Amino acid sequence: MRHILSMLVENESGALSRIAGLFSARGYNIESLTVAPTDEPTLSRMTLVTWGNDDIVEQIKKQLNKLIDVVKLQDLSEGEHIEREMMLIKLRAARPDRDELMRLVDIFRAKIIDVTDLSFVVELTGASKKLDAFIKAVPEALITEVVRSGATGISRGEKGLTV
Amino acid sequence: MRSASVDQSQTDQQPPARASAAPDVAPPLLSGAEITIQALIDEGVEFVFGYPGGAVLHIYDALFKRGDAIKHILVRHEQGATHAADGYARATGKVGVCLVTSGPGATNAVTGIATAHLDSIPMVVITGQVPTPVIGSDAFQEVDTVGITRPCVKHNFLVKRVEDLALTIKKAFYIASSGRPGPVVVDIPKDVTDPNIKIPYEYPAAVHMRSYSPALRGHHGQIKKAVEKMLAAKRPVIYTGGGVVLGDASAQLSALVRALGYPITSTLMGLGAYPMTDKLFLGMLGMHGTYEANMAMHETDCLIAIGARFDDRVTGKIEHFCPHAEIIHVDVDPSSISKTVKVHVPIVGPVQSVLTDMLAVLAELGRTPDQDALAAWWQQIDAWKGIDCLRYDRTSQVIKPQFAVETLYKVTNGELFLTSDVGQHQMFAAQFYPFDKPRRWINSGGLGTMGFGLPAAMGVQLAYPDAPVACISGEASILMCIQEMATCKQYGLPIKVILLNNGYMGMVRQWQEFFYESRYAHSYVDALPDFVQLAESFGHVGMRVEQPDELESAMREAFAMRDRFVFLDVIVDPTENVYPMIAAGKGHHEMELPPTMSERELA
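From first to last, the protein sequence lines are chains A and B. Each residue of the first sequence is one higher than the one before, counting from 1 in this note's numbering. Each residue of the second sequence is one higher than the one before, counting from 1001 in this note's numbering.
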């Protein structure tokens, strides 16, 4: 099963490589990893998407918690949560395809943020699945470039992941 | 992720407590080099095992000036420094300390760091680094030490500012010695130790880290549940590991085992935590464990695992592991629990505290196990013991390695610190030298590092200068750190090397005989030195024994030389194999027994 793990980690130079290294050393899957500082300058927030059976995911969480730089960890998939990923996608938008692409952009509530005679850059935000669906909906031959941020997420309700 | 490191003191929720009592006395002004040495002194470090080089010259200069307060042991290779610090830590329970230079100094230390990591040994390794302005420029003797050691340490630090140095060293000792212990590397660039930059020094008395809080007690409800299950068992087995030794829980373990009267077996790393000469002890389990221990594991209905990690050399094939058992597992490291084998009652906590709580619950309940079931179980175990799985040819005209270990036991009356290298001699020692106390059996179990034994013995002998210390080794292993004989000479360490010389990498040869139709690919060491002359050339005593009837007197002679390092070259049977053996991919009930035994005995 796919899990979204959210972590607060010490904002230190080696922290990212410790986490990435753990996944490669122990042969765990990693789908995406995003990281950026938070409002608290000594902490970074990391969102990691992985998959595996329950035993493996349990072990991944234990191993992550064991890292000295990991301050807190939450498995967002265990409760109600919101997942968001941002995608920039460059499309071949020559005359005959332009209208159809604009309709798709409308349907997915995406935005066209760059236009030339021959291309669009489309910005789309949503759960990773929605981004997958958009890529699938666009004719393959019209896709020039896909840039995805990797998933981030937050739990619903009043409780937060804080130290 | 910010590339610059954050001031580490900011990352703590509370400011560190101050060590000095009088706040009106200004703290002394020290350079980074002096801080490094003073912090070690303030930490109570007795020995630093090290080797100087360019990046640590400032530190060595500071050490030179404080030679009164801390002893430096100059090894002959950085691997030796790490193993010696490791041996010291295993024998004493204190943190072992190394000091090595950048680049090759650090890479040479990696094997020893990984050895300590896999056996959870508390160690602090200080490595020099090139000055911060040239880090990343492929400078002379530069390697990314923090990057190289990351997967084989409990934690590591690169200190970028002298202001962070004292606190970082404090954290390193705290992390290394608490929770599940392990090695911590502190990488210090040369400019951070600049003798011309002095700052006020205060060593924190304690440190708090918001991201690190090892468990201090086990969960009471779980402990109660475990005791209930233990009492209800019909065919219980207690299986203990190195965690009992590391957690200093020998006394509590013995009390629990004796209160229950249950059979106990131990991993290679746990030997000695429970007296091996006691009748409740079944011998070691696992790949070269005894028949009775492994069969008991296979038949048990309640496995009580304490400070053991279900290593593959212990479990054999997981599908066949303890098929009938409910498993209770006590470990201080939550990630050890249900890692390879699913357990039913996990208890996360230090072994000593959990066992103390278990004894209290047991007393509170005031119940005893089912004595009829237990008597039947012991009857079954005694039948397995009757197979005498460690039998070997005692009439042999050549020295059998088993006989050599038994003679060593006889000569030393079981009062010995015995370090080991890796291979057949290690297994024979584990099988034939019954240790009755913890921290007496010192070997590389997890990583299986050849070359560990001799330098580890140096650390042990330094910690206990008056105790008999021996290193059992093979002619292949000993050559991997043979240079440390010079260190032994320099510091007058009266270690006894017991070399079981069979001319082969014995364990490799055994596997090639069993699994590669006796094709002995490069396991025969065709050109060996004359070990007697070699030892003498280092200024030591060398002896050679080839006849079984001369062995005991030779060993007595060696141990009688209380102030000399003696290298005893024992020529043993090159064809001997270690039995019992569970081949890879087999279960505990599928042991190979010595070939002299008839087929009826096989399970």
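In this text, a Cβ means the ideal position worked out from N, Cα and C, and glycines have one as well. Because the structure is a prediction, the values reported are computed rather than measured.
For residue i, three-class secondary structure by DSSP
{"i": "H1540/B", "result": "coil"}
{"i": "V1159/B", "result": "coil"}
{"i": "H1298/B", "result": "helix"}
{"i": "V1566/B", "result": "strand"}
{"i": "M46/A", "result": "strand"}
{"i": "Y1291/B", "result": "helix"}
{"i": "C1488/B", "result": "helix"}
{"i": "K1170/B", "result": "helix"}
{"i": "E1112/B", "result": "With the sequence shown as reference, residue 1112/B is identified as Gly, and Glu is not the correct amino acid for it. Three-state DSSP puts G1112/B in a helix."}
{"i": "I1199/B", "result": "strand"}
{"i": "Q1426/B", "result": "helix"}
{"i": "F108/A", "result": "coil"}
{"i": "L1416/B", "result": "coil"}
{"i": "F1514/B", "result": "helix"}
{"i": "K90/A", "result": "strand"}
{"i": "A1375/B", "result": "helix"}
{"i": "Q1013/B", "result": "Confidence at Q1013/B is low in this model, with a pLDDT of 45, below 50, so its placement is unreliable and no value can be given for it."}
{"i": "L1493/B", "result": "coil"}
Neighbour list for residue i in chain A, Cβ cutoff strictly below 8 Å
{"i": "Y1212/B", "result": "I68"}
{"i": "I1175/B", "result": "I68"}
{"i": "H1540/B", "result": "Those within 8 Å of H1540/B in chain A number zero; the least Cβ separation is about 42 Å."}
{"i": "V1146/B", "result": "G14"}
Exposure label - residue i; buried when at least 16 CB within 10 Å
{"i": "Q1010/B", "result": "Low local confidence applies: a pLDDT of 43 at Q1010/B is under 50, so the model's placement there is unreliable, with the coordinate-based value given in what follows. Per the 10 Å Cβ criterion, exposed."}
{"i": "F1064/B", "result": "exposed"}
{"i": "K129/A", "result": "exposed"}
{"i": "Y1524/B", "result": "exposed"}
{"i": "E12/A", "result": "buried"}
{"i": "R1600/B", "result": "Residue placement at R1600/B is poorly supported in this model, since its pLDDT is 41, which falls under 50; the coordinates are not used for a value here."}
{"i": "V1097/B", "result": "buried"}
{"i": "T995/B", "result": "Chain B is shown only over 1001 to 1603; residue 995/B falls outside these bounds and no answer can be derived."}
{"i": "I1327/B", "result": "buried"}
{"i": "I1188/B", "result": "buried"}
{"i": "L1602/B", "result": "Interpretation of L1602/B is limited by its pLDDT of 45, a score under 50 that renders its predicted location unreliable; the figure taken from the coordinates is listed afterwards. Counting Cβ neighbours within 10 Å, L1602/B comes out exposed, since fewer than 16 surround it."}
{"i": "H1324/B", "result": "exposed"}
{"i": "F1514/B", "result": "exposed"}
Cross-chain neighbours of residue i in chain A, by beta carbon under 7 Å
{"i": "K1339/B", "result": "Q59"}
{"i": "H1155/B", "result": "I68"}
Proximity to residue i [Cα-Cα], best of the options
{"i": "R18/A", "options": "K129/A, G157/A and Q63/A", "result": "Q63/A"}
{"i": "A1205/B", "options": "K1234/B, H1220/B and I1169/B", "result": "I1169/B"}
{"i": "R1309/B", "options": "G1044/B, N1294/B and P1334/B", "result": "P1334/B"}
{"i": "Q1397/B", "options": "V1572/B, V1184/B and G1044/B", "result": "V1572/B"}
{"i": "K1224/B", "options": "R1367/B, I1199/B and S1178/B", "result": "R1367/B"}
{"i": "V1257/B", "options": "H1220/B, M1295/B, A1305/B and E1299/B", "result": "A1305/B"}
{"i": "L1268/B", "options": "A1166/B, G1423/B and I1148/B", "result": "G1423/B"}
{"i": "S1420/B", "options": "I1582/B, G1050/B and R1090/B", "result": "R1090/B"}
{"i": "G1289/B", "options": "I1059/B, S1537/B, P1580/B and D1164/B", "result": "P1580/B"}
{"i": "L1355/B", "options": "V1124/B, I1041/B and H1220/B", "result": "H1220/B"}
{"i": "R84/A", "options": "T42/A, L67/A and S6/A", "result": "S6/A"}
{"i": "G1451/B", "options": "A1106/B, G1050/B, T1115/B and L1253/B", "result": "T1115/B"}
{"i": "V1207/B", "options": "T1315/B, L1216/B, Y1174/B and L1231/B", "result": "Y1174/B"}
{"i": "E1202/B", "options": "A1166/B, K1171/B, I1113/B and A1176/B", "result": "A1166/B"}
{"i": "T1395/B", "options": "K1229/B, P1594/B, P1548/B and E1592/B", "result": "P1548/B"}
Neighbour list for residue i in chain B, Cβ cutoff strictly below 7 Å
{"i": "R18/A", "result": "R1150"}
{"i": "V71/A", "result": "R1210 and S1211"}
{"i": "K62/A", "result": "P1334 and S1335"}
{"i": "G21/A", "result": "R1150 and P1151"}
Within-8 Å CB hit, residue i to chain C
{"i": "H1219/B", "result": "Within the model displayed, chain C is absent; protein chains A and B are what it includes."}
Partners in chain B for residue i, counting only beta-carbon separations shorter than 9 Å
{"i": "I94/A", "result": "As written in the sequence, residue 94/A is Ala, which differs from the Ile given in the question. Near A94/A there are no residues of chain B at all, since even the closest Cβ is about 41 Å away, more than 9 Å."}
Within chain B, partners of residue i - CB distance below 8 Å
{"i": "D55/A", "result": "S1338 and K1342"}
{"i": "A110/A", "result": "Per Cβ cutoff of 8 Å: no residues; A110/A is ~29 Å from chain B at best."}
Whether or not the region 1514-1534 of chain B and the region 1470-1486 of chain B are in contact is what I'm after, with contact meaning three or more pairs of Cβ atoms, one per stretch, closer than 8 Å; do they touch?
A contact between stretches requires three or more CB pairs, one per stretch, nearer than 8 Å, and the region 1470-1486 of chain B meets this requirement with the region 1514-1534 of chain B.
Are there three or more Cβ pairs, one per stretch, closer than 8 Å when the region 1075-1086 of chain B is compared with the region 1449-1465 of chain B?
Touching, per the Cβ criterion.
Answer yes if the region 1341-1354 of chain B comes into contact with the region 1246-1255 of chain B, meaning at least three C-beta pairs across the two stretches below 8 Å, and no otherwise.
With a cut-off of 8 Å, the region 1341-1354 of chain B and the region 1246-1255 of chain B count as touching, because enough Cβ pairs lie within range.
Would you say the region 1192-1203 of chain B touches the region 1219-1234 of chain B, given that touching needs at least three Cβ pairs under 8 Å?
Not touching, per the Cβ criterion.
Using 8 Å as the Cβ pair cut-off and three pairs as the minimum, do the region 83-100 of chain A and the region 133-151 of chain A touch?
The answer is yes - the region 133-151 of chain A touches the region 83-100 of chain A, with three or more Cβ pairs under 8 Å.
Contact between the region 1395-1413 of chain B and the region 1270-1289 of chain B (3+ Cβ pairs under 8 Å)
Short answer: they don't touch.
For the region 1140-1147 of chain B and the region 1482-1501 of chain B, state whether three or more C-beta atom pairs, one from each stretch, are separated by less than 8 Å.
By the Cβ rule, the region 1140-1147 of chain B does not count as touching the region 1482-1501 of chain B, because fewer than three pairs are nearer than 8 Å.
Do the region 1093-1106 of chain B and the region 1131-1138 of chain B touch if we need at least three Cβ pairs shorter than 8 Å?
Touching, no.
Meets three-Cβ-pair contact criterion under 8 Å: the region 1058-1074 of chain B and the region 1030-1049 of chain B:
The way I'd put it, the region 1058-1074 of chain B does touch the region 1030-1049 of chain B; three or more beta-carbon pairs between them come closer than 8 Å.
Are the region 1551-1563 of chain B and the region 1493-1506 of chain B touching by the rule of at least three beta carbon pairs closer than 8 Å?
For the pair of segments examined, the region 1551-1563 of chain B was found to touch the region 1493-1506 of chain B: the number of CB pairs separated by less than 8 Å reaches three.
Pairs of beta-carbons, one from the region 18-34 of chain A and one from the region 48-66 of chain A, closer than 8 Å: are there three or more?
The region 18-34 of chain A, when compared against the region 48-66 of chain A, does touch it at the 8 Å Cβ threshold.
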